[in-house]
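> Per my numbering, residue 20 is the first one in the sequence shown, and the count goes up by one each step. The beta carbon of each residue, even a glycine, is placed where N, CA and C say it ideally should be. All figures in this text were calculated on a predicted structure; none of them were measured in a lab. Questions regarding the structure given below will be posed in turn.
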Amino acid sequence: MCALREVSFTYSGSDTPAIDGVSLTIRRGSWFALLGNNGSGKSTLARIIKALLTPTQGSCSVCGCDTAEDEGALEASRRVAMVFQNPENQIVGATVEQDVAFGPENLGLPTAEIGERVAWALEETGLKGLETSPTYALSGGQKQRLAVAGALAIMPQCLILDEATTMLDPQGRAHLLEVIRSLHRRGMTVVHITHRLEEIAYCTEACVLDGGRIAWQGPTLDLLSKPELEWGLELPPVVRLWRELQRQGMLDASVHPASVEILEALCPSR
Ligand code: ADP
Ligand code: MG
């Protein structure tokens, strides 16, 4: 879906690169966790994948097209959609259906197709029935699902969630993750930027950024199995409890502290 080779990026006016020699591949259909401290370069990397920024060095290709070229940049802008942290900043329409129609209208699609896409996106995100509701009246969780619906209406192949759950209450977060889980099951590539390791239970691969460089990359289970976590990351409480019970001999030591069963139990959508 997306391949970065030795990508570096420095913002104009800055002497230190925000991204420094990053190579990674995000496979089509994967649910990829992008982790790291504030300022480690996660959002910059997301902007590079969506071709909002062009690498200063190295190359980024989306669906096989180099984003440094016009055709590749257009491809990336259509194939990759982003949902950001603050739901308030992502609403452009007065009503739910106007908001979701904004993207397909900009693509110049026929009215009938716009209507079909809006209906589909609202169904997918559990907002069906709220078509004519004013957007200001929605809850935070509903607003984030509206942002996802707006993203879906342009029919992307990859959805980047840039700390999209940070401002939500537990219920709103669980509902949003359930929507993402259902989209992923049906083939959506998801790049999940978060601080909360309990949200990455379904991510197969993870990458940790530190100071713009890749500090760690590999299967999510391996990351959660590490005896000590660095880079400002914290193990989910249930995994810590599990480990402590094992340490005290209260649980069979053969049970993996980050077994799939525990991770699934951790996932807020269950
Ligand atoms: P993260 O999303 O992991 O918090 P960012 O990608 O936002 O990290 O930031 C990476 C680095 O780039 C930080 O040092 C940040 O200060 C810097 N940075 C981010 N956006 C800009 C910008 N628009 N102009 C200049 N520097 C920026
Ligand atoms: Mg960020």
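Out of GLY127, PRO123 and SER152, point me to the one whose CA is closest to TRP139's CA.
The shortest Cα separation from TRP139 among GLY127, PRO123 and SER152 belongs to PRO123.
> Secondary structure at SER49, three-state DSSP: helix, strand or coil?
Residue state, collapsed to three classes: coil.
> Given 8 Å as the limit, is there contact between the segment 33-53 and the segment 201-221, that is, 3 or more CB pairs closer than that?
With a cut-off of 8 Å, the segment 201-221 and the segment 33-53 count as touching, because enough Cβ pairs lie within range.
> The ligand ADP and GLY77: does the residue's C-beta get closer than 7 Å to at least one heavy atom of that ligand?
GLY77 Cβ: outside cutoff for every heavy atom of the ligand ADP.
> Let me know if GLY206 comes out buried or exposed under the rule of 16 or more other beta-carbons within 10 Å of its beta-carbon.
GLY206 comes out exposed.
> When you compare only the Cα positions, how much space is there between GLU150 and ALA183?
Those two C-alpha atoms are separated by around 22 Å.
> SER62: which of SER152, VAL81, ALA172 and HIS214 sits nearest, CA to CA?
It is HIS214 whose Cα lies nearest to the Cα of SER62.
> Count the other CB atoms, across all protein chains shown, that sit within 10 Å of the CB of ASP118; report buried if there are 16 or more and exposed otherwise.
So ASP118 counts as buried.
> Return yes when at least one heavy atom of the ligand ADP lies under 7 Å from the C-beta of THR213, else no.
THR213: no, Cβ never under 7 Å from the ligand ADP.
> Quick check on SER78: does DSSP put it in helix, strand or coil?
If DSSP states are grouped into helix, strand and coil, SER78 belongs with the strands.
> Using the Cα positions of GLU25 and PHE103, report the straight-line distance between them to the nearest angstrom.
Roughly 26 Å separates the two Cα atoms.
> Enumerate in chain order the residues of its own chain whose CB-to-CB distance from LEU126 is below 7 Å, with the five nearest sequence positions on each side excluded.
The residues are ILE173.
> Measuring from the CB of GLY60, is there a heavy atom of the ligand ADP at a distance below 7 Å?
Yes; taking the cut-off as 7 Å, the Cβ of GLY60 has a heavy atom of the ligand ADP nearer than that.
> Do ASN333 and the ligand ADP come close, with the Cβ less than 7 Å from some heavy atom?
As displayed, the chain neither begins before 20 nor continues past 289, which places residue 333 out of reach and without an answer.
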